[in-house]
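One structure is given here, and the rest of the page talks about it.
Number of protein chains: 2
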Amino acid sequence: MSPKRVTIKTIAKEVGMSIMTVSRALNNNSNVNDQTKTKVQQVAKKMGYIPNHIAKSLVQRKTFTIGVVVPEIAHSFFQEVIRGIEEIAYDAGYHIILTHSAESFQREQLCLETLLSKRVDGILLSVAETVTDFKIYKELIRLKMPMVFYDRGINDIGISTVGIDGTKAAEILTEHLIGLGYMKIAHLAGPLHLSIGANRRQGYLNALKRHKIRAKKSYIVEAGLKEKQGYEGMKKLLNQTKKNPPRAVVAVNDPSAFGAIDAIKEAGLRVPEDIAIVGFADDIRSQLIEVPLTTVRQPAYEVGKVAADKLIKHIESKTEAVEDLVLNTELIVRKSCGWSKKKN
Amino acid sequence: MSPKRVTIKTIAKEVGMSIMTVSRALNNNSNVNDQTKTKVQQVAKKMGYIPNHIAKSLVQRKTFTIGVVVPEIAHSFFQEVIRGIEEIAYDAGYHIILTHSAESFQREQLCLETLLSKRVDGILLSVAETVTDFKIYKELIRLKMPMVFYDRGINDIGISTVGIDGTKAAEILTEHLIGLGYMKIAHLAGPLHLSIGANRRQGYLNALKRHKIRAKKSYIVEAGLKEKQGYEGMKKLLNQTKKNPPRAVVAVNDPSAFGAIDAIKEAGLRVPEDIAIVGFADDIRSQLIEVPLTTVRQPAYEVGKVAADKLIKHIESKTEAVEDLVLNTELIVRKSCGWSKKKN
DNA sequence: TTGTAGGCGTTATCAA
DNA sequence: TTGATAACGCCTACAA
Chain C
220 MSPKRVTIKT
230 IAKEVGMSIM
240 TVSRALNNNS
250 NVNDQTKTKV
260 QQVAKKMGYI
270 PNHIAKSLVQ
280 RKTFTIGVVV
290 PEIAHSFFQE
300 VIRGIEEIAY
310 DAGYHIILTH
320 SAESFQREQL
330 CLETLLSKRV
340 DGILLSVAET
350 VTDFKIYKEL
360 IRLKMPMVFY
370 DRGINDIGIS
380 TVGIDGTKAA
390 EILTEHLIGL
400 GYMKIAHLAG
410 PLHLSIGANR
420 RQGYLNALKR
430 HKIRAKKSYI
440 VEAGLKEKQG
450 YEGMKKLLNQ
460 TKKNPPRAVV
470 AVNDPSAFGA
480 IDAIKEAGLR
490 VPEDIAIVGF
500 ADDIRSQLIE
510 VPLTTVRQPA
520 YEVGKVAADK
530 LIKHIESKTE
540 AVEDLVLNTE
550 LIVRKSCGWS
560 KKKN
Chain P
220 MSPKRVTIKT
230 IAKEVGMSIM
240 TVSRALNNNS
250 NVNDQTKTKV
260 QQVAKKMGYI
270 PNHIAKSLVQ
280 RKTFTIGVVV
290 PEIAHSFFQE
300 VIRGIEEIAY
310 DAGYHIILTH
320 SAESFQREQL
330 CLETLLSKRV
340 DGILLSVAET
350 VTDFKIYKEL
360 IRLKMPMVFY
370 DRGINDIGIS
380 TVGIDGTKAA
390 EILTEHLIGL
400 GYMKIAHLAG
410 PLHLSIGANR
420 RQGYLNALKR
430 HKIRAKKSYI
440 VEAGLKEKQG
450 YEGMKKLLNQ
460 TKKNPPRAVV
470 AVNDPSAFGA
480 IDAIKEAGLR
490 VPEDIAIVGF
500 ADDIRSQLIE
510 VPLTTVRQPA
520 YEVGKVAADK
530 LIKHIESKTE
540 AVEDLVLNTE
550 LIVRKSCGWS
560 KKKN
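Protein sequence lines, in the order shown, are assigned to chains C and P. Note that the working numbering has the first sequence beginning at 220, numbered continuously upward. Note that the working numbering has the second sequence beginning at 220, numbered continuously upward.
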């Protein structure tokens, strides 16, 4: 970028006017003579003028940039969210700075500091797994930085959230199993300190309760969110329920379900004939495996769009209400939950 | 962001020193009294000082920001590229502005203008499908804007490129079929005005030539890059080769192969017993379908990393050589190409 | 409709 | 080691 840059000053000299006239002409301001305007614009173009948003941002205290913090950039869910954000932001004339917390609390802080220093107009954030301290979010509120949580948020601290109702979705999933006649339903839970883990477990429990099925401790195993952990969790579950094994399993997510299926097969059992299983998330692989997985589809792209839209509203109107936006999930029924009406 | 911001000026007043001392202290500059430094840093922290990178960028003409132009943000390949870029950029202390050309020439221009105005330190771009005019790239060169093409680039205009050798990969793929004994090999080509279409077709032809197999016009059908187009292309191919149908097909990419497989089945034929098929790209579904697809893996994440690395080198050293970096693809052999040694 | 002065928050440069 | 001053490129506010 070295050939001495063309600035409005350069142009002003060239056309023999003040820099203000040039500035106004370039911004298509109304109070400028049409001829002047045309002339300035022509000269600017001829000289290869490139406006400097940095300078503009400095004086206007507005960058038209949105900061996005993603906890796991390798996850297709978040990649889709980004796509949704980009679309809305683009339409509204905003740009995106992408940062990655890699599920690390510390790194999330760093992302936030950077974004603050870059003076983004607003921030879209999904809380990293290891975050335990909300101080920085409160600080953000104090600074009046417009912000929206997407997918993983914190309720009731004064920041809008956009996500799905994990409790309800898990409830629907569990209820679907009950509707098929299953009574002995186990749960391969996620980490309970995470809202997704806790919510889905709650949904599972709610469904049982509603249908007056007693929840059994031995039917609930806390595992992780990954395939391997699902596998181990399922092994443990089978092991501790030998006398009275479950007939169906609600896994905390699809990867966990994949692992569980391996464990089930390994135990010489069939899905869904011996044990039915449902997942959560609609992983791209879910419909392609041997026994396609019943699961719940989360509208990732929509989450991105709605979150970006809400954020821009917060940016552009101080009075925009803080609210929790809940998007609908969709139950995807496939073979893994079985269709039989056997009562057991 | 309204509570009157604290700036180095505010801090200067507070500690009773000049803004320069504060600036130096905050930047951990060496020529500052240690006590002064400590004191300033403490006060800054206490006052909640947030450095303004915008102002800094303005005076230093450096933003520590990389602009990325993605042609199709919904494509998992590019999502993985972004992931690679992010990783390298983060490690080097750069941030990313993400823009999306949506395969549109006009929109790509817009992305570039924005990035220029935002004074990014460098640009990573993958050429949009509809780009026909390279003027703007040449202009970028003239402006000495550091730049690297990734995946889809333009050779010999003075900009580094990072990608795979599509010709060679297609050649290897075709040769693999030949090695298995197939002689009657057809090609479901992509759009030939796109380099990926042209290159892969060339690789296919090269392999045939090397093995002295005559290329037949009726064995090459130009279709699109999507599943549906693969389906139609395959139907056309089967139709025009009724008397002498191919025994194997090299599809331009995996989605195209998926479509082709449908068409093959529909014609009452089996894969690979009647017609073997190979794809290109290693779509996530390829290993999960009924007859897993032999294909070529493109190192998307690596492409992102290498491109970002090269760009940062260009940014940080004017003398960094312009070069074309070619990454290796990996042949993934699965069932769809068959193992039989039948000669036909 | 156009121009002048001043400042946005920081750093470079030179002087003390 | 510290400070004064002038940029960086643009816009706001006011004046002409």
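The beta carbon of each residue, even a glycine, is placed where N, CA and C say it ideally should be.
Judged by beta-carbon spacing, residue 557 (chain P) lies within the 8 Å limit of residue 399 (chain P), meaning their Cβ atoms are closer than that value.
Contact of residue 270 (chain P) with chain C is assigned, a C-beta pair being separated by under 8 Å.
For the 8 Å CB-CB criterion, residue 411 (chain P) and residue 453 (chain P) do not form a contact.
In this structure residue 391 (chain P) does not touch residue 377 (chain P) by the C-beta definition: roughly 30 Å separates them, more than the 8 Å allowed. The C-beta of residue 351 (chain C) has fewer than 16 other C-beta atoms within 10 Å across all chains shown, which makes the residue exposed. Contact annotation: in the segment 497-531 of chain P, residues whose CB is within less than 7 Å of a CB in chain C are 503, 504, 507 and 508. Residue range 295-311 is occupied by the alpha helix (DSSP H) that includes residue 310 (chain C). In this structure, the CA atom of residue 486 (chain P) is about 19 Å from the CA atom of residue 508 (chain P). Taking the CA atoms as reference points, residue 281 (chain C) sits about 10 Å from residue 273 (chain P).
C-alpha of residue 336 (chain C) to C-alpha of residue 246 (chain P): approximately 14 Å in a straight line.
For the pair residue 551 (chain P) and residue 543 (chain P), the Cα-to-Cα distance works out to about 25 Å. Residue pairing of residue 369 (chain C) in beta bridges, as defined by DSSP: C:381. The segment 474-485 of chain P makes no contact with the segment 528-538 of chain P: fewer than 3 CB pairs, one atom from each, lie closer than 8 Å.
Against residue 318 (chain P), the close residues of chain C are 305, 309, 314 and 315, in the order they occur along the chain (beta-carbon pairs closer than 9 Å).
Separation of residue 234 (chain C) and residue 364 (chain P) (C-alpha to C-alpha, rounded to the nearest whole angstrom) is 27 Å. Among the residues of chain P, none has a CB under 9 Å from the CB of residue 536 (chain C); the nearest is roughly 14 Å distant. Per DSSP, the beta-bridge partners of residue 344 (chain C) are C:288 and C:368. Within the same chain, and ignoring the five residues on either side of residue 304 (chain C) in sequence, the residues whose Cβ sits closer than 7 Å to its Cβ are 287, 315, 343, 523, 526 and 527. The contact set of residue 277 (chain C) on chain P, defined by CB atoms closer than 7 Å, consists of 273, 274 and 277 in chain order. Contacts between residue 295 (chain P) and chain C, judged by CB atoms closer than 8 Å, involve 295 and 298 in chain order. Near chain C, meaning a CB-to-CB distance below 7 Å, the residues of the segment 329-354 of chain P are 333, 335, 336, 337 and 338.
Under the DSSP definition of a beta bridge, residue 543 (chain C) partners with C:380. Contact of residue 302 (chain P) with chain C by beta-carbon distance below 9 Å involves 292, 293, 298 and 319. With contacts defined by Cβ atoms closer than 8 Å, residue 409 (chain C) and residue 444 (chain C) form a contacting pair. C-alpha of residue 225 (chain P) to C-alpha of residue 270 (chain P): approximately 9 Å in a straight line.
Note on residue 333 (chain C): 16 or more other CB atoms within 10 angstroms of its CB, so buried under the neighbour-count rule.
About 7 Å separates the beta carbons of residue 517 (chain P) and residue 296 (chain P), which is inside the 8 Å limit, making them a contact pair. Sequence-distant partners of residue 312 (chain P) (beyond 5 residues in either direction) whose C-beta falls short of 7 Å from its own C-beta, in its chain, are 283.
By the CB criterion at 8 Å, residue 414 (chain P) and residue 371 (chain P) fall inside the cutoff. In this structure, the alpha-carbon of residue 275 (chain C) lies about 18 Å from that of residue 330 (chain P). Check the Cα spacing between residue 472 (chain C) and each of C:356, C:266, C:418 and C:320: the tightest is with C:418.
In this structure, residue 540 (chain P) keeps its C-beta atom at 8 Å or more from the C-beta atom of residue 497 (chain P).
Boundaries for residue 361 (chain P): no beta strand (DSSP E) harbours it, while the alpha helix (DSSP H) harbouring it runs 354-361, taken from the DSSP string.
Looking at the backbone, the Cα of residue 309 (chain C) and that of residue 493 (chain P) are separated by about 49 Å.
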